[in-house]
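Numbering (our numbering), first residue to last: 1284 to 1431.
Every residue, glycine too, gets a C-beta built ideally from N, C-alpha and C.
If you want it as structure tokens, here you go:
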């Protein structure tokens, strides 16, 4: 069950094989070129990896990011102009001092934890940004952490 969930890029739950990754969303990516870079979602969402990705050139990898590292707040968006994407809001859930946005991006599910002032609602297409310094990369075949 855990392996299938990770391959589909869905939210992991505590008790899955990678339990410490439970709060991360997994999105597909691809090893890219020499110098250990990875392409992820967003216009310029590449991360330097000090050569750790050299053996993944052309191979599929998974990118994980925690909900608190995805946001639609204007100041956060301005800090990360090259790491933005448009996602469909499946569910907007008010949690008191924050809202959880359950998003879909190119068939992949992810969760963003945003301020209660967010205007995103169910069915909306919302632009969000993510902090590229907070992504985690995983080997699709072995499920091992490549970079975090």
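Residue j beta carbon less than 9 Å from that of residue i
i: residue 1344; j: residue 1414; result: no
i: residue 1354; j: residue 1395; result: yes
Inter-residue CB distance, residue i and residue j (contact presumed, cutoff 8 Å)
i: residue 1429; j: residue 1348; result: About 14 Å; that fails the 8 Å criterion.
i: residue 1384; j: residue 1397; result: 6 Å
Assigned exposure category for residue i - 16 Cβ within 10 Å defines buried
i: residue 1408; result: exposed
i: residue 1403; result: buried
i: residue 1350; result: buried
i: residue 1378; result: exposed
Residues that DSSP places opposite residue i in a beta bridge
i: residue 1380; result: None, per the DSSP bridge assignment.
i: residue 1339; result: Per DSSP, none; premise fails for residue 1339.
i: residue 1428; result: 1421
i: residue 1375; result: 1384
i: residue 1395; result: 1384
i: residue 1413; result: 1353
i: residue 1369; result: 1410
Neighbourhood of residue i by C-beta distance below 7 Å, restricted to the same chain and skipping five residues each side
i: residue 1400; result: none
i: residue 1359; result: 1412
i: residue 1352; result: 1413, 1414 and 1417
i: residue 1374; result: 1385 and 1405
Residue i: CB within 8 Å of a non-hydrogen atom of the ligand SAM
i: residue 1409; result: Ligands displayed in this structure: none; no statement on the ligand SAM is therefore possible.
Spatial neighbours of residue i in its chain, beta-carbon cut-off 6 Å, leaving aside the 5 residues before and after
i: residue 1376; result: 1383
i: residue 1431; result: 1419
Nonlocal neighbours in the same chain, by C-beta distance under 8 Å from residue i, ignoring five residues either side
i: residue 1381; result: 1396, 1397, 1398 and 1399
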